[in-house]
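Chains as they are written, first to last, in the working numbering: chain D, 1100 to 1379; chain A, 314 to 628.
Note sheet for the following structure.
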Amino acid sequence: MTEERLFRAALRSRNLVVGNLLAAAFAIGALLSLFWTPYDVTELAIATRLQAPSAVHWFGTDHFGRDILSMIMVGAQTSIAVAIVAVGIGMGIGVPLGLAAAARRGSLLDETIMRSNDLVFAFPSLLIAIMITTVFGPSALNAIIAIGIFNIPVFARLTRGAALPLWTRDYILSARVSGKGPVRISVEHILPNVTNLLIVQGTIQFSLGILAEAALSYVGLGVQPPTPSWGRMLADSQTLIAIAPHMAMFPGFAILLTVLGLNLAGDGLCDLLDPRIRNA
Amino acid sequence: MLRYTVKRLGSLLASLVVASLVIFACIEVVPGDPASFMLGINAQPDTVAALREELGLNRAPHERYIAWVGGLVTGDFGTSYTYRSPVSEIVVERLAISLPLAIYALSLTILVAFPVGILAATRRGSLTDISVMATTQLGVAIPNFWFALLMVLVFAVNLRWFSAGGFPGWDAGIPAAVKALTLPAIALALPQASILARVMRSSLLDTLSEDYIRTARAKGLTGRQALRKHALRNALIPVLTIIGLQFSFLLAGAIIIENVFFLPGLGRLVFQAISQRDLIVVESVVMILVFAVIIVNFLVDLAYAWVDPRLRSRT
């Protein structure tokens, strides 16, 4: 399929278009907040606290008088940064491990990699975060590590599973005959053939990362105040929910729409990049 | 089947040993030593020395590891530093809330997901199917602790049907206790039910397109009979695996949801222990949760091999 046809097919996919638009809206908000926000999120204005949404404060203000729209924009930065780095850790370590395991199928290396993956799966990311927090204290970095570690086995398994059948193909055999080593074959022939799968899984893990970051910040194990984060904002809103429900609405919708956008984009990409489904 | 079970049992034990080593090592590397970490920077040297003695920190690490694991096996989890009572007693007390909550949520998940998934699959492309797919897409994306907050706002603050949190205890009678667990269980179940309904739908669609279903229909079975006698049973295999995985997610997810509803379960215990630097409690509770996850995965593997004999020979 040529690039132009792929692009046209992408435009026809409703999931992909809607999903990308949603995700892009939050990405733009996050980028914009690097230079400009409607109000300063570190400035406290007790006189105007707990205001309902109005023309002055579109999303209202919180219990310290901070502008909620501005906080959501900066919070998007936090969420996206944590999720991107966590997916990066997962891919950066998981994909090479998966490729190595597939190249040496059945070896001690393969067995060790798969067993240690099982072990990481036994610690849900929340438990990893609890362990790290107990020892080193809560921080954004520790949240990233906790989510990232959990991503490693996901990518390692996916890569191994997709790479294994490729090793029996004729073109891999001819590459071996021409004297290429397992590392070169993995990088030059196997990796390009599993990239589509990795992109789709990357989108899914990215949205799971946003949910995980929100949950960790909500229980106080993630980003620490005064840095705004969506989960933290929801935690703050909890005791005030009866008098200021708007404080709980906007951060919640921000998480929901971002995750929904990424999931839709993932579904769309999957349909687009997987020829078996596309032709069906 | 026996050989497979023994093999899986071996890897189960190996996982448990490595997991306990990892958890033990985490506590070992806390800045300073565990005793001064737990007491904080202002502690008197003799207090720290006394706690070191109490925790047995003067012994070599491998002796302490063996003592800890030996304790875990015999049900002696040590003594909580802040509660001054045996960790095993506290854990049993808290499990009396967390375990029923997880089971309640799992039952809701299955009760909702099965009929919804089957309905969507049998009416593929209809309005029902489309709305099921849209709703479950939302259910997967919604953060469950936010959904919990929204339910508190609607059902506790506005309608006053439920209390916003807390637990009356099982002594207050089963109906009162179950009522207190209802909103938390719904919050936990929503994302899992959405996932399971989607798995049920796609698995059933796969089996419905198999040749043996066409054969069954050709034999004269109605669509409903073919579904009940042939398709459902085969579609259940992947669904069962997902249910097993979900139970461990529910246990971990309960940690967060318990904090929304101020339920005194294992989750709240962990967070209180973190803020009070009670390493003994954190260490034991994390080990128990990991143990539960490993055991459930083991049982799922066995059930899967029992249902699908092809798996036994493959691994």
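Backbone N, C-alpha and C fix where the C-beta goes; we use that ideal spot for every residue, glycine too.
Between residue i and chain D, is the shortest Cβ-Cβ distance under 8 Å, so that the two count as touching?
i	result
A:P374	no
A:I607	yes
A:T628	Caution is warranted here: a pLDDT of 44 is assigned to A:T628, below 50, making its placement in the model unreliable, and the coordinate value is therefore given only provisionally. Chain D, which has no Cβ nearer than 8 Å to the Cβ of A:T628, makes this no.
A:S328	yes
A:L518	no
A:A348	no
A:S439	no
A:S393	no
Please classify residue i: does DSSP put it in a helix, a strand, or coil?
i	result
A:P399	strand
A:D442	helix
D:A1379	Confidence in D:A1379 is poor, its pLDDT being 35 and thus under 50, which makes the residue's placement too unreliable to answer from.
A:T392	strand
A:T535	coil
A:D591	coil
A:V609	helix
D:G1365	helix
D:D1166	strand
D:T1136	coil
D:T1160	strand
D:Q1150	coil
A:K320	helix
D:Q1300	helix
A:M513	helix
A:R627	Any reading at A:R627 is ruled out, since the residue's pLDDT is 49, under 50, leaving its predicted position unreliable.
D:W1266	coil
A:K542	helix
A:R372	coil
D:T1232	helix
A:T449	helix
D:A1341	coil
Under 8 Å Cβ to Cβ from residue i, same chain only, skipping five residues before and after it: list those, please.
i	result
A:L582	I403, V404, R407, V594 and V598
A:A356	S349
A:P428	none
D:R1377	A caution first: D:R1377 carries a pLDDT of 46, below 50, which makes its placement in the model unreliable, though a value can still be read off. So the qualifying residues of the chain are A1108, D1370 and L1371.
In terms of alpha-carbon separation, which member of the options lies closest to residue i?
i	options	result
A:A586	D:T1232, D:A1144 and D:Q1323	D:T1232
D:A1314	D:V1116, D:G1278 and D:I1354	D:I1354
A:N471	D:A1199, D:A1228 and D:P1344	D:P1344
D:I1298	D:V1322, D:I1284, D:T1258 and D:Q1337	D:T1258
D:T1136	D:Y1270, D:I1171 and D:A1122	D:I1171
D:C1369	D:A1109, D:A1123 and D:A1126	D:A1109
A:I499	A:G452, A:R372 and A:V335	A:G452
D:R1331	D:S1238, D:G1193 and D:F1220	D:S1238
A:S393	A:L412, A:A415, A:M351 and A:E376	A:M351
D:F1352	D:S1273, D:G1174, D:L1226 and D:N1114	D:G1174
D:G1360	D:N1114, D:A1154, D:R1107 and D:L1105	D:N1114
D:I1289	D:L1310, D:W1266 and D:L1307	D:W1266
A:L501	A:T318, A:R365, A:I423 and A:Q589	A:I423
A:D389	A:V609, A:E596 and A:W619	A:E596
D:S1224	D:V1286, D:A1311, D:V1276 and D:Y1270	D:A1311
A:L419	A:T395, A:T441, A:P497 and A:A447	A:P497
A:F337	A:L322, A:V319, A:E367 and A:A380	A:A380
A:P374	A:P358, A:A362, A:V342 and A:L364	A:V342
Might you give, ordered along the chain, the residues of its own chain that have their beta carbon closer than 7 Å to the beta carbon of residue i, omitting 5 neighbours on each side?
i	result
A:V382	S333
A:L385	M600
A:T554	V613 and Y617
A:R321	F611, D614 and L615
A:P413	L494
Using 8 Å as the limit for Cβ to Cβ distance, is residue i near chain A?
i	result
D:R1365	Looking at the sequence itself, residue 1365 of chain D is Gly, so the reference to Arg does not match. It does not: the Cβ of D:G1365 has no partner Cβ on chain A nearer than 8 Å.
D:M1213	no
D:M1346	no
D:I1244	no
D:T1232	yes
D:N1241	no
D:G1351	yes
D:F1163	no
D:Y1270	no
D:D1217	yes
D:R1107	no
Can you list, in chain order, the residues of its chain with a C-beta nearer than 6 Å to that of residue i? Leave out the 5 residues immediately preceding and following it.
i	result
A:S485	First, the residue type needs correcting, since residue 485 of chain A is Ala and not Ser in the sequence shown. Closer than 6 Å at Cβ, skipping near neighbours: no residue.
A:T628	Confidence in A:T628 is poor, its pLDDT being 44 and thus under 50, which makes the residue's placement unreliable; the coordinate value appears in the next sentence. The answer is none, since no qualifying residue turns up.
A:A539	I526, A529 and R530
Item to check | Contact the stretch 453-467 of chain A vs the stretch 561-579 of chain A: 3+ CB pairs below 8 Å | outcome: yes
Checklist entry - Does the stretch 425-434 of chain A come close enough to the stretch 511-524 of chain A that 3 or more CB-CB pairs lie under 8 Å? => result yes
Next on the checklist: Quick test of the definition: if touching needs 3 or more C-beta pairs under 8 Å, does the stretch 1154-1161 of chain D touch the stretch 1182-1198 of chain D?
Outcome noted: No, because fewer than three Cβ pairs between the stretch 1154-1161 of chain D and the stretch 1182-1198 of chain D fall closer than 8 Å, the two stretches do not touch.
Item to check | Three CB pairs or more closer than 8 Å across the stretch 1242-1250 of chain D and the stretch 1313-1328 of chain D | outcome: yes
Checklist entry - Looking at C-beta atoms only, is the number of pairs between the stretch 1197-1216 of chain D and the stretch 1142-1155 of chain D that lie closer than 8 Å three or more? => result no
Checklist entry - Given 8 Å as the limit, is there contact between the stretch 1210-1224 of chain D and the stretch 1267-1286 of chain D, that is, 3 or more CB pairs closer than that? => result no
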